[in-house]
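Numbering (my numbering), first residue to last: 543 to 1176.
Note that beta-carbon positions come from the ideal geometry of N, C-alpha and C, so glycine has one too.
Here's the structure, in structure tokens; my notes come after.
Have a look at this one:
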């Protein structure tokens, strides 16, 4: 016999907030509470099956795993019971009293106040247990962890307001029972037909049997005849093992919601059985929306791994490359051992083969979407484009395929949402153009307004505008595409090839000679601040710009690394000046002018500001600028 040891505890602040959101955001689709609780029960059974592989005693002479749903119309209750892994007292506190998960803050920061959007976020956060309070004004949970004796049962109860009670109870069987005390207005759910229709709609794919008492029948005179015994409500077979022809679109979508803990429908999916050297089945989904914690490094991202339909692990991140971490679904292997661990996954040739095959499937799926469903692909790119671009540097075997699917803003766009593929860019190249030109910057606006683009605008040459942090990584790994070299417009000597005629080249050479005394003197004034000063042919409007050598680190990358707290050995910039600009011409005609030094520093400082850089000595810049303005107005 156990001592009750009853105590009242307060919910974590985030749980209180979540409960209110749950009740008010999901009121229009109340029936999903059953889907969430049955899904939790299924997960608990999967975990028991996995742990029992190394400790069969956990089954406690009851290896027939199942989920049971009961109701009592008079008492206005719905009860969901499983014989899965169960929980200890401490696990109940950790799993239900608090949200002990990284990304909690990000979750609340992403809430919009729009109930429909927030409902999707709630689903992404995977807090299905709390959905019980959509229909219940009191929830009672009784549980015992497998392997612990009967007196270690735990009873948890709450009205969902701000606190819960916890006490030890005797529980003869392992697993968890959740009793929902329904609100009066939600009494409709204490109904045989209603519950069975919800289970068939949302939970048909659950691999375990979901049992209920048989529905009453009718005799030949139309009188109700009470039924005896139980019936299995769902198909209770792994959905991914069925033939594609036997699975409806609705079933695929509901399985996605179960496996991804997402309230929204998927964007697309791939389902295939692979046979040969390796045998496995994959059912992989592209979500419609990015999870709020996609950039959280502590969060594991991956698909569920099964071996011969036995659940092995959640978030098996070695089964797909990191740049595809948004993919959800299951992979069921016929070859891996049942005791496979994350360490074994890391060094397994079988896993390498599965990973390569599944990566190809996802890339093919995205390729078909890009070709045949442009709107869907645009949604995918908006949500996952930044993550997907990591693949150019990460997955060398598929670099060309990934690059083909990448999309970029360009000088032909008004916003960064208007994007172009590399194939489209090549298709509209100017006659004589043999390079793909790009610029990296801190923002779309900074890239679009960069002085480096002036000569390209003049000649009508399109330039890709790269403003995502990952773009520096991408361009340092993608040197050419379809035989065309990728060239930064802010690095090295600008070679426009056949886009320039001989007369232009002669004019540039003459300007460099004519202005040599000016460039030499500016270099003398600026000293160690610059590597070189030279005449430019990049500019048509601005007085100056800075560039770096072809293989040097770009100013944008340098700033990113500094922001990340890394020590950077900055390379000295090259200052280019525009001989057709009035300021440069005045300096050229008055090399010994009183303010020559100030103008030289201003040319460099404004060039640094124009490309998004920060001045090391802004106070001196302001002082110089004020002095020149006063001199001009005198």
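Helix, strand or coil: which one does DSSP assign to residue i?
{"i": "residue 1015", "result": "helix"}
{"i": "residue 1146", "result": "helix"}
{"i": "residue 951", "result": "strand"}
{"i": "residue 979", "result": "strand"}
{"i": "residue 1156", "result": "coil"}
{"i": "residue 746", "result": "coil"}
{"i": "residue 855", "result": "strand"}
{"i": "residue 811", "result": "strand"}
{"i": "residue 790", "result": "coil"}
{"i": "residue 1133", "result": "coil"}
{"i": "residue 957", "result": "coil"}
{"i": "residue 846", "result": "strand"}
{"i": "residue 823", "result": "strand"}
{"i": "residue 724", "result": "strand"}
{"i": "residue 754", "result": "strand"}
{"i": "residue 804", "result": "coil"}
{"i": "residue 491", "result": "Here the chain has residues from 543 to 1176 only, and residue 491 is not among them."}
{"i": "residue 1074", "result": "strand"}
{"i": "residue 691", "result": "coil"}
{"i": "residue 1175", "result": "helix"}
{"i": "residue 1080", "result": "coil"}
{"i": "residue 731", "result": "helix"}
{"i": "residue 554", "result": "coil"}
{"i": "residue 1059", "result": "helix"}
Mark residue i as exposed unless 16 or more other C-beta atoms lie within 10 angstroms of its C-beta, in which case mark it buried.
{"i": "residue 811", "result": "buried"}
{"i": "residue 917", "result": "exposed"}
{"i": "residue 901", "result": "buried"}
{"i": "residue 553", "result": "buried"}
{"i": "residue 1164", "result": "exposed"}
{"i": "residue 1173", "result": "exposed"}
{"i": "residue 1056", "result": "exposed"}
{"i": "residue 685", "result": "buried"}
{"i": "residue 719", "result": "buried"}
{"i": "residue 1030", "result": "buried"}
{"i": "residue 994", "result": "buried"}
{"i": "residue 1079", "result": "buried"}
{"i": "residue 1061", "result": "buried"}
{"i": "residue 970", "result": "exposed"}
{"i": "residue 1083", "result": "exposed"}
{"i": "residue 704", "result": "exposed"}
Excluding the 5 residues flanking residue i on each side, which residues of the same chain have their C-beta closer than 7 Å to its C-beta?
{"i": "residue 677", "result": "572, 575, 722, 724, 725, 728 and 731"}
{"i": "residue 1016", "result": "931, 934 and 935"}
{"i": "residue 925", "result": "831 and 832"}
{"i": "residue 802", "result": "827, 829 and 870"}
{"i": "residue 928", "result": "1010 and 1012"}
Per DSSP, which residues does residue i bridge with? Please list them.
{"i": "residue 1179", "result": "In the structure as shown, the chain begins at 543 and stops at 1176. Residue 1179 is therefore absent and cannot be evaluated."}
{"i": "residue 637", "result": "DSSP, once it has assigned bridges, lists no residue as partnering residue 637."}
{"i": "residue 708", "result": "549 and 698"}
{"i": "residue 672", "result": "In the DSSP output, where bridge partners are listed per residue, residue 672 has none listed."}
{"i": "residue 1087", "result": "1118"}
{"i": "residue 772", "result": "755"}
{"i": "residue 678", "result": "724"}
{"i": "residue 828", "result": "810"}
{"i": "residue 963", "result": "949"}
{"i": "residue 816", "result": "822"}
Which same chain residues, not among the five before or five after residue i, have their C-beta less than 8 Å away from its C-beta?
{"i": "residue 642", "result": "Note that residue 642 scores a pLDDT of 44, beneath 50, so its modelled location is shaky and nothing firm can be said."}
{"i": "residue 859", "result": "842, 843, 844 and 867"}
{"i": "residue 592", "result": "852, 853, 854 and 855"}
{"i": "residue 949", "result": "923, 927, 961, 962 and 963"}
Looking only at its own chain, which residues have a Cβ that is under 6 Å from the Cβ of residue i, when we skip the five neighbours before and after it?
{"i": "residue 989", "result": "981, 983, 1007 and 1009"}
{"i": "residue 798", "result": "808 and 827"}
{"i": "residue 919", "result": "911 and 912"}
{"i": "residue 697", "result": "684, 709 and 711"}
{"i": "residue 1040", "result": "974"}
Run through the region 901-942 for me and flag every whole alpha helix (DSSP H) of 4 or more residues, listed as ranges in chain order. 916-930 and 933-936
Could I get the ranges of all uninterrupted beta strand (DSSP E) runs contained in the region 993-1054, with 3 residues as the minimum, in chain order? With a minimum length of 3 residues, the continuous beta strand (DSSP E) runs that stay inside the region 993-1054 are 1006-1008 and 1026-1030.
If you scan the region 567-625 from start to end, which runs of the beta strand (DSSP E) of 3 or more residues do you find wholly inside it? 609-614 and 619-624
Quick one: which unbroken beta strand (DSSP E) runs of 3-plus residues sit fully inside the region 857-894? Chain order, please. 870-875
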